[in-house]
Amino acid sequence: MRKFGLFSLLFICAVWLSAQTKPLSQLTVEEIMQAPEKFIGTSPSRVSWSKDSKNIYFYWDPDADGRSSAFKISKNGGEAEAIEDTSDGWPSSYEFNSDKTKIVYAKGGDIYIKELKSDKETRLTATNSRESNPRFHKDHIITFIADDNLFSIDTETGLMKQLTNFLIERNPDENNGSSRNIGRSEGNREQDNWLRDDQLNTSEYLAEQRRRPRRNFSGFFGGDFGQSEDRRSTIELRNVRNIQLSPDGRFVSFMVYHSPENGAKNTIVPNYVTSSGYTTDINTRPKVGGEQGYSEIGIYNIAADTFYMVDKMKLPGITDLPDYVKDYPDKEWKEEPRNVSGNDIIWSGDGKYAVAHFGAHDNKDRWIMRLIPETGDLITIDRQRDEAWIAGPGIGSESFSGTFGFLPDNKTIYFQSEKTGYSHLYIHDLSNGVTKQLTNGNFEVYNPFLSSDGSKWYFHANMKHPGIRHFYSLPVRGGTPTQITSVDGGNDVTLSPDEKTLAIEYSYIDQPTELYVQDNKPGAKPKKLTESLRDGFKQYDWHQPEVITFKAEDGADVHARLYKPQNPNGAGVIFVHGAGYLQNVHFWWSTYFREFMFNNMLMAKGYTVLDIDYRASSGYGRDWRTGIYRHMGGKDLSDQIDGARYLMREHGVEAGRIGMYGGSYGGFITLFAMFKYPDVIAAGAALRSVTDWAHYNHGYTSNILNTPVEDPIAFKRSSPIYFAEGLQGDLLIAHGMVDTNVHFQDVVRLAQRLIELGKDNWEMALYPIENHGFTEPSSWTDEYKRIFKLFENTIGKK
């Protein structure tokens, strides 16, 4: 009887469970493409800690109303509580003093200081100017920005000093010969000078503005401030940024941004569906190759009351030509200074050392240089040269400095480099010129930061597998990394202020992100704090695609996700992720969650689905990242074709029955596959796709293809519009009409090309209110119903 009872109970449970779970074959596009907060749920995001390390703050939408709001939960668990403010009573932006007993911050345009033990807040300024960016220079001296200038307050004496007297009016290259605006003609400078002088002659107001000294203002700190007797020379500049006082108080470093002299011609995107009933124009980005702005680094000597702009001509190799010039033997190439931006300058805590970061506008060079502030001389610390382009996790190029700073010893800097082919962490001792690599191996280091006591590093890395990310620690001078998180998948860690606890945003292939907490000890067990999944998602037993590798034609191992059906119908589908430099073959929840569900649906219908991390995808090092240099539609496309042949060779997919779909970069690859390999890819859906790279943006495209004027070969062989005559299979083109990223113009031009070629096996679906990333469930549903219909009516038929 006992055996019968137990069997009956198990049978009833099995029947109940089966009744609660739908087979994947019942999935519909309408279900998958509904608002994700309604069907899947909204994962916790924007995680932070309370200052006492007891509570975790995050944003969440547990009620599925489409609006995330702030919550807090104890690190010990319990119910999450909705709150109004995640600052824990602190300002959103602040800076500690050296022993972390005080903070300084800006509020309402004035400067405040707070004693943390007593919670006493004191207002330091009360002016009509708007003060910002306060910093502790010394524990009793605070610097801040007002009226585009640097000021200091001595909280012991009440003395306020104006440390600079920048008059934000004209270009610094009109003041100092060492500042170089490469490419600006003497004629233009003469014209500007004439106009400036004429303005002064015709306007007494402007002349008076030039003559009068900068106004002083007062604040209070328990009384009126004394007034500094110092007077600073007026220095005329434009777009001054990042003004900071050297720790020894001798110099002020700053940056000046120069906008493109001739402006930039933007593309206009018409918006047809408007509340007024009239078509309106959206002013969007310029195209690749347009004139770019640049930034310079300046040094002001306080005692001498003089300044200079750092001379970029002192950078080693500034006139070096790129290798691709050999493809243009008939063109005369001059070894002249390249356009370079100064991205950042940092000071050691004692003011002994200054280090500057520069990036070349042709994306081939990144320089980290020691700057001698007295003379402006530059000494090379690290020059990273890449004939493709400088990038990779934590690596700054033209426009940002990436991982870059000083260790607590005030003589050692840290940075990341791809010198070995992967992005790793390095230190350089300025006192002896010795550089040391701290991490090494065929993996990438992400977001390294120092512990509060400066004894160790914390970072994320895909050390175990390209698609598994863990949290690690490492002795500050190097050694063996220690893995702290233990559960494979995606671990995005936020460390508590006392560094005793990890808040982990964890996910797996088929498990959306949830919030976990774990002691900061290797192998400690994480505890789940949130439950975000909706019933709609939970009622399906989602398939975990197998993470596999196959061989590319050049012998490389290509990582992919394989969705293998129980009852294959002989057809295959390849999904192509977007962005180019993005990873989708991994063990955490994908940002392509709709495609994950759609691929599950296709698999349930009998399609064998492959999702490939093709050449240019992130997570695999420098060679993989730059495998598309000067030829998009080269190895990134051949990896897809090799994947198709792998499906035919290993998984019984029939020739002539393979389809492809993808958005953005994935749409671009789909077009190219349809045009260049019609014998392999029989049907394709190209969504919001680039058709001609000469019409895309500068920052992304110039890295990979240079510019159309300088390297037309790269653009012609990389743009599908030049290969449209190869179309044979069935093609769906889908695009949002107010796409401000990949403009609707791209597919309009392609449509005209297909019409002129007499092609009639294509159709276009237009989405009048959608930008690049669709927002309306109705649009997603319509688009993916069309994709499914395309496959069912073509490759799905035997």
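Sequence positions in the sequence shown follow our numbering and run 110 to 907. All C-beta atoms, glycine included, are put in the ideal place defined by N, C-alpha and C.
Contact check, residue 555 vs residue 502, beta carbons under 8 Å | yes
Residue 900 to residue 866, Cα distance in whole Å?
-> 24 Å
Inter-stretch contact at 8 Å, needing at least 3 Cβ pairs: the stretch 797 to 804 / the stretch 724 to 734 = no
In whole angstroms, what separates the C-alpha of residue 807 from that of residue 532?
-> 24 Å
Can you pull the DSSP bridge partners for residue 211?
-> 224
Between residue 393 and residue 375, which are expected to be in contact by the criterion C-beta below 8 Å, what is the C-beta distance as a whole number of angstroms?
-> 6 Å
Reduced DSSP secondary structure (H/G/I, E/B, other) of residue 467 = strand
For residue 112, which residues of its own chain have a beta-carbon under 7 Å away from its beta-carbon, when the five flanking residues on both sides are left out?
-> The predicted model places residue 112 with a pLDDT of 41, which falls under 50 and marks its position as unreliable, so this point remains unresolved.
Could you say which of 841, 529, 837 lies nearest to residue 772 if we only look at CA atoms?
-> 841
Integer-rounded CB distance, given that residue 213 should sit under 8 Å from residue 171 | Rounded, the Cβ-Cβ distance is 37 Å, inconsistent with contact.
Round the Cβ separation of residue 409 and residue 467 to the nearest angstrom and send it over; I've been treating them as touching at under 8 Å.
-> 19 Å between Cβ atoms; not a contact.
Below 8 Å on the Cβ atoms is my guess for residue 643 versus residue 147; work out the distance and round it to an integer in Å.
-> 7 Å
Would you say residue 910 and residue 276 are within 8 Å of each other, going by their C-beta atoms?
-> Examination of residue 910 is not possible in this model, given that the chain is present from 110 through 907 alone.
How is residue 615 classed by DSSP in three states: helix, strand or coil?
-> strand
Helix, strand or coil: how does DSSP classify residue 126 here?
-> The pLDDT assigned to residue 126 is 42, lower than 50, so where the model puts this residue is not dependable; a value taken from the coordinates is nonetheless given after this. Of the three classes helix, strand and coil, the one that applies to residue 126 here is helix, per DSSP.
Residue 153 to residue 180, Cα distance in whole Å?
-> 9 Å
For residue 452 and residue 368, the rounded distance between their alpha carbons = 15 Å
Kindly identify the DSSP beta-bridge partner or partners of residue 816.
-> Paired residues: none, contrary to the question.
Helix, strand or coil: which one does DSSP assign to residue 706?
-> helix
Expressed to the nearest angstrom, what Euclidean distance is found between the alpha-carbon atoms of residue 968 and residue 345?
-> Here the chain covers residues 110 to 907 and nothing more, so residue 968 does not appear.
Could you tell me how far apart the beta carbons of residue 669 and residue 685 are, in whole angstroms, since I believe they sit closer than 8 Å?
-> Contact flag wrong, Cβ pair sits at about 11 Å.
Could you name each continuous beta strand (DSSP E) segment of 3 residues or more that falls completely within the stretch 574 to 655, going from the start of the chain to the end?
-> 577 to 584, 599 to 604, 610 to 617, 620 to 628
Meets three-Cβ-pair contact criterion under 8 Å: the stretch 483 to 498 and the stretch 509 to 517 | no
Please list, in chain order, all residues of the same chain as residue 537 whose beta carbon is under 6 Å from its beta carbon, the five residues on each side excluded.
-> 490, 522, 544
Exposed unless 16 or more other CB atoms sit within 10 angstroms - verdict on residue 191 | exposed
Which value, in whole angstroms, describes the spacing of the CA atoms of residue 611 and residue 811?
-> 39 Å
Contact between the stretch 237 to 252 and the stretch 343 to 360: three or more CB pairs below 8 Å?
-> yes
Range of the contiguous alpha helix (DSSP H) that encloses residue 525 = Segment 521 to 526 is the beta strand (DSSP E) holding residue 525; no alpha helix (DSSP H) there.
Given a cut-off of 8 Å, decide if residue 185 and residue 248 are closer than it, judged by their beta-carbon atoms.
-> no
From residue 596 to residue 622, what does the alpha carbon distance come to, in whole angstroms?
-> 13 Å
Could you give the DSSP three-state label for residue 797: helix, strand or coil?
-> coil
Using 8 Å as the Cβ pair cut-off and three pairs as the minimum, do the stretch 686 to 706 and the stretch 758 to 778 touch?
-> yes
To the nearest angstrom, report how far apart residue 506 and residue 469 are at their CA atoms.
-> 7 Å
What is the DSSP secondary structure of residue 155, reduced to helix, strand or coil?
-> strand
Verify the contact flag: residue 553, CB atom, against every heavy atom of the ligand ATP, threshold strictly below 7 Å.
-> The ligand ATP is absent from the structure shown, which contains no ligand whatsoever.
Beta strand (DSSP E) runs contained entirely in the stretch 354 to 422, provided each spans 3 or more residues = 360 to 367, 375 to 380, 389 to 395, 403 to 410, 415 to 418
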